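Peer 1: Encoded as structure tokens, here's the structure I'll be asking about.
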Amino acid sequence: MNAGVIYTSREEIEVYRFNLVATLFVPAVAVLLQSYLPVAFHGRLHFFDVFDLPLLVTIFFGVARRNPIAGSITGCLIGLAQDALTHNYLGLFGIAKTFVGYGASSLATKIDVENPGSRFLITVGFYMIHRIAYLLVQRGMVLQDLPANWLHSIGAALANGLLAIVVFAVLDKFKQRA
Amino acid sequence: MESFFSRYRNPMILGLVLLLQVFGLAVQVKRPIDPRNPEAGSVRMIRLWISGVITPIERVFVATGSWFGQGWHDYLNIGGLRRENRELREQNEQLRIQQTRMEEDAAQGRRLQALLDFKQHFVSQTIAAQVIGSSGTELSRILYIDRGAKDGLRSDMAVITPDGVVGKLKDVFPFTAQVLVMNDASSGVGALLEKSRLHGVVKGNTNGDLILEHVMVDEKVEPGERVLTSGGDRIYPKGLPIGTVAQISSGNDLFLNICLRPAADLNRLEEVLVVTQPQLAQADSENPVKAADILAQRLPGVTQKPPESPAGVKAGAAATAAASNQKANPAPALSQAKPKMVKPKVVPQNNPAATPAQVDTPASQPAPSPTSPEVNKPQ
Chain H
144 MNAGVIYTSR
154 EEIEVYRFNL
164 VATLFVPAVA
174 VLLQSYLPVA
184 FHGRLHFFDV
194 FDLPLLVTIF
204 FGVARRNPIA
214 GSITGCLIGL
224 AQDALTHNYL
234 GLFGIAKTFV
244 GYGASSLATK
254 IDVENPGSRF
264 LITVGFYMIH
274 RIAYLLVQRG
284 MVLQDLPANW
294 LHSIGAALAN
304 GLLAIVVFAV
314 LDKFKQRA
Chain C
39 MESFFSRYRN
49 PMILGLVLLL
59 QVFGLAVQVK
69 RPIDPRNPEA
79 GSVRMIRLWI
89 SGVITPIERV
99 FVATGSWFGQ
109 GWHDYLNIGG
119 LRRENRELRE
129 QNEQLRIQQT
139 RMEEDAAQGR
149 RLQALLDFKQ
159 HFVSQTIAAQ
169 VIGSSGTELS
179 RILYIDRGAK
189 DGLRSDMAVI
199 TPDGVVGKLK
209 DVFPFTAQVL
219 VMNDASSGVG
229 ALLEKSRLHG
239 VVKGNTNGDL
249 ILEHVMVDEK
259 VEPGERVLTS
269 GGDRIYPKGL
279 PIGTVAQISS
289 GNDLFLNICL
299 RPAADLNRLE
309 EVLVVTQPQL
319 AQADSENPVK
329 AADILAQRLP
339 GVTQKPPESP
349 AGVKAGAAAT
359 AAASNQKANP
369 APALSQAKPK
379 MVKPKVVPQN
389 NPAATPAQVD
399 TPASQPAPSP
409 TSPEVNKPQ
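In structure tokens:
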């Protein structure tokens, strides 16, 4: 018997699904915007590098579906697509976002992730997990010993947390009750 | 009603498994960039696919933006056009004056020799390209340009702007290419301090800063000193501005920590030039050691070289002449003349944004020079 405590305000956990168009379209747009926006205005939006739209989409799909396998695969595919646009090895973002997708889905089965406050907190937390996972793979497998700028990472995590409140509210429109 | 997913569950799982395997293969398999030209190199299929999907859309975005911008510029912003026209006229007049002055200067013998020497060491041909995308992450400072293997681009070609070095080509796709910006942590540029002639390596870091490495702590480096490409990496032509020294501090080891301010604005790149034919590599491979050139690198002044003499005698004579010249008449530094020679030629004349095309730099018209490889060959 499963005696785990479920920290949710509702009697039943709501599980959402997305139609095929949203499933493909939303991550593709996130990756596209992530690539295009920094140069869209000839560098004036270079601060956009701080934000990680594909990560936000991974978290959103993870917590909405509440299915760890689906979350993992979503994170894996989005991360690989993001990897393909960089010059690094394929799999750095893939592995990090697979962790995040799995973690977000698992967490969503235990706590309420629908209100803006919790969305902010889980995004900040998963941004840091994503960063740590990326660094671990980068140092452990790729053997690239690059310094980790933690102060910058914390700032970026907070910025992504704030952006997540807005982005998740927009993406809520694509939700369908399962 | 039976949902779509439960109804087609088995075929979808099958499709997913197949997709994952195809994905796995695409990650592993490398495909030649140009099947008809095996020497063009290969690229991972997944990169090719993603680039093939993303970059056409980015092209459409850029083209749409340009169309609207052009419409505004051509038909609506008449006041701005007049003002711009007036400014361009003034600029044109100034450029004419500058051009006349440069022609007069170029007519002088020693000065002309220095300029020709620079031409010999500079790029001969470039291709203009537009920046259409980026990696989107600060962990990888990659830009995408709208030129690729079909335009003759290859990996490891230098990418510059009229202001200075940008980076080099990483992966080249048929119609697009990746530019590894020099402030990426994995990049490296052979560098030379303009005044002290000290050699080092310019690298990026995770913050996007430019750091000049491998300069010993006992060397004297001043803030504001220009840093140029040394040409030693065989990628970047010699003499291109990389940046200026911004901060200097003692490192933990035997080397100085020198932070640079990049010459080109790496955060606001719109158009770049890809160096397709650096003459330096050919010239140096033919004549790996030239005493006069080594001396010219070490001395800030301009060397005077005799027009014809045997190689050994010539090198010695050039060295002596340069040394005496340095004492008697500290001529204007060679590098001061370099950017002036390049800028007017490199900038395309007719709207570079609309039709990026091949642009010839001065070195594309070879002129006789005492330091050219043909003249310097031992007889």
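Going down the list, the sequences are from chains H and C.
Letter by letter, the first sequence follows residues 144 to 321 in the working numbering.
Letter by letter, the second sequence follows residues 39 to 417 in the working numbering.
We put the beta carbon where it would ideally sit given N, CA and C, even for glycine.
Predicted model, so just to flag it, every value in this text is computed and none were measured.
(1) According to DSSP, simplified to helix, strand and coil, what is Gly281 (chain C)?
(2) If you draw a straight line from the alpha carbon of Val81 (chain C) to that of Phe203 (chain H), how long is it in whole angstroms?
(3) Tell me, which residues are paired with Ile198 (chain C) by DSSP?
(4) Please specify which runs of the beta strand (DSSP E), each continuous and at least 3 residues long, are wholly inside the region 232-286 of chain C, giving them in chain order.
(5) Return the CA-CA distance between Leu275 (chain H) and Gly109 (chain C), expressed in angstroms with no decimal places.
(6) To the nearest whole angstrom, what separates the beta carbons of Phe317 (chain H) and Phe161 (chain H), a pair I think is in contact under 8 Å?
(7) What are the residues that DSSP puts in a beta bridge with Gly171 (chain C)?
(8) For Ala224 (chain H), decide whether its Cβ has a neighbour in chain C, counting only Cβ atoms nearer than 8 Å.
(9) On the criterion of 16 or more Cβ atoms from any shown chain inside 10 Å, does Met220 (chain C) qualify as buried, or is it exposed?
(10) Using a Cβ cut-off of 8 Å (strictly closer), state whether Ser178 (chain H) contacts chain A.
(11) So, is the C-beta of Gly304 (chain H) closer than 8 Å to a C-beta in chain C?
(12) Could you list the residues in the region 194-212 of chain C with a C-beta less than 9 Å from some C-beta on chain H, going in chain order?
(13) Determine the closest residue to Ile170 (chain C) out of C:Lys258, C:Val283, C:Asp247, C:Ile95, with distance taken between C-alpha atoms.
(14) How do the region 191-198 of chain C and the region 305-317 of chain C stand: do at least 3 beta-carbon pairs fall below 8 Å, yes or no?
(15) Who are the near neighbours of Val210 (chain C) in its chain, counting only those whose CB is closer than 8 Å to its CB and skipping five residues on each side?
(16) CB-CB under 6 Å to Asp222 (chain C), same chain, minus the five flanking residues each way: which ones, in chain order?
(17) Out of C:Pro76, C:Ala101, C:Leu177, C:Gly269, point me to the one whose CA is closest to Val203 (chain C)'s CA.
(18) DSSP state of Asp209 (chain C), grouped into three classes?
(19) Tell me which same chain residues have a C-beta within less than 7 Å of the C-beta of Tyr304 (chain C), skipping the five on either side of it?
(20) My understanding is that Glu257 (chain C) touches Ser234 (chain C), with C-beta atoms under 8 Å, so please give their C-beta distance in whole angstroms.
(21) 8 Å is my cut-off, CB to CB: does Pro211 (chain H) come that close to chain C?
(22) Could you tell me which residues DSSP pairs with Phe293 (chain C) in its beta bridges?
(23) Reducing DSSP to helix, strand and coil, say where Ser41 (chain C) ends up.
(24) Going along the chain, which residues of its own chain have a beta-carbon closer than 7 Å to the beta-carbon of Tyr159 (chain H), five neighbours each way excluded?
(25) Whole angstroms is fine: what's the gap from Val256 (chain H)'s alpha carbon to Ala165 (chain H)'s?
(26) Looking at C-beta atoms only, is the number of pairs between the region 263-270 of chain H and the region 304-312 of chain H that lie closer than 8 Å three or more?
(27) Compare the C-beta of Ala307 (chain H) with all C-beta atoms of chain C and state if any pair is closer than 8 Å.
(28) Looking only at its chain, what residues have a beta carbon closer than 6 Å to the beta carbon of Lys328 (chain C), apart from the 5 residues adjacent to it on each side?
(29) Can you tell me which of the three DSSP states Pro158 (chain H) falls into?
(30) Any beta carbon from chain C within less than 8 Å of Asn231 (chain H)'s own beta carbon?
(31) Whose C-beta lies closer than 6 Å to the C-beta of Val280 (chain H) among residues of the same chain, with five residues either side of it excluded?
(32) What does Pro181 (chain H) touch in chain C if you count any residue whose Cβ is under 7 Å from its own?
(33) Can a CB atom of chain H be found closer than 8 Å to the CB of Ser234 (chain C)?
(34) What are the partner residues of Thr93 (chain C), as DSSP defines its beta bridges?
(35) What's the call for Glu176 (chain C), buried or exposed, on a 16-neighbour Cβ count within 10 Å?
(36) Could you tell me if Arg120 (chain C) is buried or exposed, where buried requires 16 or more neighbouring beta carbons within 10 angstroms of its beta carbon?
Peer 2: Reading from the atomic positions:
(1) strand
(2) 32 Å
(3) C:Val203, C:Leu311
(4) 237-242, 248-251, 264-267
(5) Correcting the residue type first, residue 275 (chain H) is Ile in the shown sequence and not Leu. Straight-line Cα distance between these residues: approximately 47 Å.
(6) 6 Å
(7) C:Tyr182
(8) yes
(9) buried
(10) The structure shown contains no chain A; its protein chains are H and C.
(11) no
(12) Lys208, Asp209
(13) C:Ile95
(14) yes
(15) Ile71, Ala78, Gly79, Val81, Gly186, Ala187, Leu191, Arg192, Ser193, Gln216
(16) Arg179, Gly242
(17) C:Gly269
(18) strand
(19) In the sequence under discussion, the amino acid at residue 304 (chain C) is Leu, which differs from the Tyr named in the question. Excluding residues within five positions, the ones whose Cβ falls inside 7 Å are Val204, Val219, Asn221.
(20) 7 Å
(21) no
(22) C:Met254
(23) coil
(24) Ala207, Arg208, Lys318, Gln319, Arg320, Ala321
(25) 20 Å
(26) yes
(27) no
(28) Annotation note: pLDDT 47 at Lys328 (chain C) (below 50); position unreliable, no value reported.
(29) For clarity, residue 158 (chain H) is Val in the given sequence; the question names Pro instead. Three-state result, Val158 (chain H): coil.
(30) yes
(31) Leu235, Ile238
(32) Ser172, Gly174
(33) no
(34) BP columns for Thr93 (chain C) are empty, so no partner.
(35) buried
(36) exposed
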